[in-house]
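Since the structure comes first, as structure tokens, the remarks are kept for the end.
Chains as they are written, first to last, in our numbering: chain A, 1 to 311; chain B, 312 to 553.
Set out below in structure tokens:
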């Protein structure tokens, strides 16, 4: 019966593979997750951002079936996470293997838990380290092993919690290409991260967590465009220009001048609007520069400037 | 049960030098030490058991207790690492996990018993084949409560507190269980405590074929109570932590 149900879900394509409804979880008096709702579509890389203690890890632990929510519901493939354990692959934040266990042994052990295990070791560059003990591995290799273990059961959904924290920039980039490869293999990914660059590069949509709630949920560029004055154009006009004309443009939110330089802030289409105006007035924009607000800036605004306590 | 999991756990136990020393070497060395101290040879204890035979049984029992205790307690370390959490996320069931740890504890107790008995044979312990098998089997099955005790400690203790608790348990069950001092010489109140511990009764069962007056029924009852009680606690703890 459930096979039929899965078939229906699968057939409809783009349907939510993960559904979280008004999830709530507290530890004693402390509210970890207040009320969180989101859906993840099949094949999506869904980013979860937010400061420490915002409820990110608790939320994904509920999705993984590791914690029971106090309120609300979580379903994966239309069922309770505990019932579809082999369809969910999890890489946990700060999870270590015993020191003396060898890479090959861990892979072999985990593959014995699943009916049709997938071997990611060569794609993850682990083939040359099968005899190495976990305690001897570099941070990057440890992370790759934990990804390989998360993917060994050929999961439909992979949860990766702070995958690249503590990695050097090169190892981080290598890990990103691995994640892209995993997605192209058809795996839906929930990615908890601290790095804006990572979210911008990988995620289709991002949920920004704040105080146990989702402060914003959008594509990375959608989040950026929510910030007022997201785009800023600076130039020195070749002839004098009436500032009122600029201010009249619907795309413009603010105009200021620094010496002979004009600084115009506004929405995404600002550059086009400003250059069209200048062309009509036959004014050339000298030393033209365009600045885009980054996801980093958007994040700071959305989380109420709590970036400083986030590390 | 997942045999690959068990095989890996065994390999890890053997790779751990500390395990080999404490559970295999220490009981054997203690046995040799005591045999030479007491003179061994032809002497017998008041209960009629030859000194060497009695020491052999006691030291094997010590091994039966120490090995499984230390192996079970390593669960605390694995919990601290997050390794157990990772295993919980796989389709490996809770009973599969606990049974594997239990089987591991049983296998880990075996080499110590065998080594002490082999040394015993060299030191002049004589009994017929059926009795040898009986003694070995009793000692080995007697490991069950200690295997469970180790697992419970592993599920309850923190990685830091684990060593202290294991040490304490080893003292309590060894000393009060009558491995180091016989219950006959203890004052009444102490003897009562000793007779509540599984160690005392496993020792009684091992000696049963050779001395008179062992209450086999009471022995089995006390040991069974320990086994059932510890199993329930282990299963509960494992579930609560999920």
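Backbone N, C-alpha and C fix where the C-beta goes; we use that ideal spot for every residue, glycine too.
Just so we're clear, the structure is a prediction, and the values are computed from it rather than from any experiment.
Could you name the residues of the segment 96-116 of chain A whose beta carbon sits closer than 8 Å to any beta carbon of chain B, in the order they occur along the chain? Here the close residues are 96, 97, 98, 100, 101, 105, 108, 109, 110, 112, 113 and 114.
Would you mind working out which of 540(B), 361(B), 318(B) and 551(B) sits nearest residue 458(B), comparing C-alpha positions? Of the residues 540(B), 361(B), 318(B) and 551(B), the one whose Cα lies closest to the Cα of residue 458(B) is 540(B).
Determine whether the Cβ of residue 6(A) lies closer than 8 Å to any Cβ atom of chain B. Bear in mind that a pLDDT of 45 at residue 6(A), under 50, signals an unreliable position, so the model cannot answer this.
Members of the segment 384-408 of chain B near chain A, C-beta cut-off 8 Å: Per Cβ criterion, the list reads 388, 389, 392, 393, 394, 396, 397, 399, 400, 401, 402 and 403.
The beta strand (DSSP E) that contains residue 218(A), what's its start and end? Here the beta strand (DSSP E) through residue 218(A) covers 213-218.
Mind checking whether residue 47(A) and residue 205(A) have CB atoms under 8 Å apart? Yes, these two residues count as a Cβ contact at 8 Å.
Stretch pair the segment 144-158 of chain A + the segment 117-124 of chain A: three plus CB contacts closer than 8 Å: The segment 144-158 of chain A vs the segment 117-124 of chain A: in contact.
Can residue 313(A) and residue 70(A) be called in contact, C-beta distance under 8 Å? Nothing can be reported for residue 313(A), as the shown portion of chain A is limited to 1 through 311.
What residues in its chain sit with their C-beta under 6 Å from that of residue 42(A), if we drop five residues either side in the sequence? Result list for residue 42(A): 17 and 188, in chain order.
Excluding sequence positions up to five away, which residues of its chain have a Cβ less than 8 Å from the Cβ of residue 54(A)? Closer than 8 Å at Cβ, skipping near neighbours: 209, 210, 211, 212 and 303.
Inspect the CB distances between the segment 358-372 of chain B and the segment 125-134 of chain A and report whether three or more fall short of 8 Å. No, they do not touch.
Residue 114(A) - DSSP class collapsed to helix/strand/coil: Three-state result, residue 114(A): coil.
Tell me, please, whether the CB atom of residue 319(B) is closer than 8 Å to any CB atom in chain A? Yes, residue 319(B) lies at the interface with chain A (some Cβ there is under 8 Å from its Cβ).
Name the residues in the segment 29-42 of chain A whose C-beta lies less than 9 Å from a C-beta of chain B; which are they? Those residues of the segment 29-42 of chain A placed with their C-beta closer than 9 Å to a C-beta in chain B do not exist.
Give the DSSP-derived three-state secondary structure of residue 489(B) in the structure shown. In the structure shown, residue 489(B) sits in coil (DSSP, three-state: anything other than H, G, I, E or B).
Indicate the three-state DSSP secondary structure (helix, strand or coil) for residue 304(A) in the structure shown. Assignment of residue 304(A) by DSSP, reduced to helix, strand and coil, places it in the coil class.
Please decide whether residue 85(A) counts as near chain B, where near means a Cβ-Cβ distance under 8 Å. For residue 85(A), the nearest beta carbon of chain B is closer than 8 Å to its own beta carbon.
Output, in chain order, the set of chain A residues within a Cβ distance shorter than 9 Å of residue 433(B). The premise fails here: residue 433(B) is roughly 34 Å from chain A at the closest Cβ pair, so nothing lies under 9 Å.
Name the DSSP beta bridge partners of residue 235(A), please? Residue 235(A) is bridged to 262(A).
When the distance is taken between beta carbons, is residue 518(B) closer than 8 Å to residue 368(B)? Yes; because the gap between Cβ atoms is below 8 Å, this pair is in contact.
Are three or more beta carbon pairs between the segment 320-332 of chain B and the segment 373-391 of chain B nearer than 8 Å? The answer is yes - the segment 373-391 of chain B touches the segment 320-332 of chain B, with three or more Cβ pairs under 8 Å.
Roughly how many angstroms separate the alpha carbons of residue 343(B) and residue 437(B), rounded to a whole number? Those two C-alpha atoms are separated by around 16 Å.
Starting from the Cα of residue 250(A), find the closest Cα among 263(A), 283(A), 100(A) and 274(A) and give me that residue. Nearest C-alpha to residue 250(A): 274(A).
Proximity winner among 190(A), 91(A), 258(A) and 179(A), relative to residue 142(A) (alpha-carbon distances): Distance check between residue 142(A) and each of 190(A), 91(A), 258(A) and 179(A) places 91(A) closest, using alpha-carbon atoms only.
Under a three-way DSSP split, which group does residue 45(A) fall into? Strand at residue 45(A).
Using 10 angstroms around the beta-carbon of residue 309(A), count the other beta-carbons present and answer buried if the total reaches 16, otherwise exposed. Reliability of the predicted coordinates at residue 309(A) is poor, the pLDDT of 41 falling under 50, and no value is obtained from them.
Taking only beta-carbon atoms, is residue 163(A) less than 8 Å away from chain B? Judged by the 8 Å Cβ criterion, residue 163(A) is not in contact with chain B.
Is the CB of residue 190(A) under 8 Å away from at least one CB in chain B? No - not a single Cβ of chain B is within 8 Å of the one on residue 190(A).
Going by beta carbon distance, what residues of the same chain come within less than 8 Å of residue 407(B), once the five residues before and after it are set aside? Within the same chain, and ignoring the five residues on either side of residue 407(B) in sequence, the residues whose Cβ sits closer than 8 Å to its Cβ are 312, 313 and 316.
Reducing DSSP to helix, strand and coil, say where residue 337(B) ends up. Secondary structure at residue 337(B): helix, using DSSP grouped into helix, strand and coil.
Just checking: is the beta-carbon of residue 537(B) within a distance shorter than 8 Å of some beta-carbon in chain A? Residue-level contact check: residue 537(B) does not touch chain A, since none of the beta carbons of chain A fall below 8 Å from its beta carbon.
Can you have a look at residue 412(B) and say buried or exposed, based on whether 16 or more other CB atoms are within 10 angstroms of its CB? Residue 412(B) comes out buried.
Expected contact under 8 Å - CB spacing of residue 271(A) and residue 258(A) to nearest Å: Between residue 258(A) and residue 271(A) the Cβ distance is about 19 Å, and since that is not below 8 Å, they are no contact.
Determine the extent of the beta strand (DSSP E) in which residue 209(A) is found, giving its start and end residues. Per DSSP, residue 209(A) belongs to the beta strand (DSSP E) from 205-210.
Go through its chain and collect everything with a Cβ distance to residue 266(A)'s Cβ below 7 Å, but skip five positions before and after it. Excluding the 5 residues flanking it on each side, residue 266(A) has same chain C-beta neighbours closer than 7 Å at 229, 231, 251, 252 and 253, in chain order.
Work out the CA separation of residue 451(B) and residue 109(A) for me, nearest whole Å. Near 28 Å, if we compare the C-alpha coordinates of residue 451(B) and residue 109(A).
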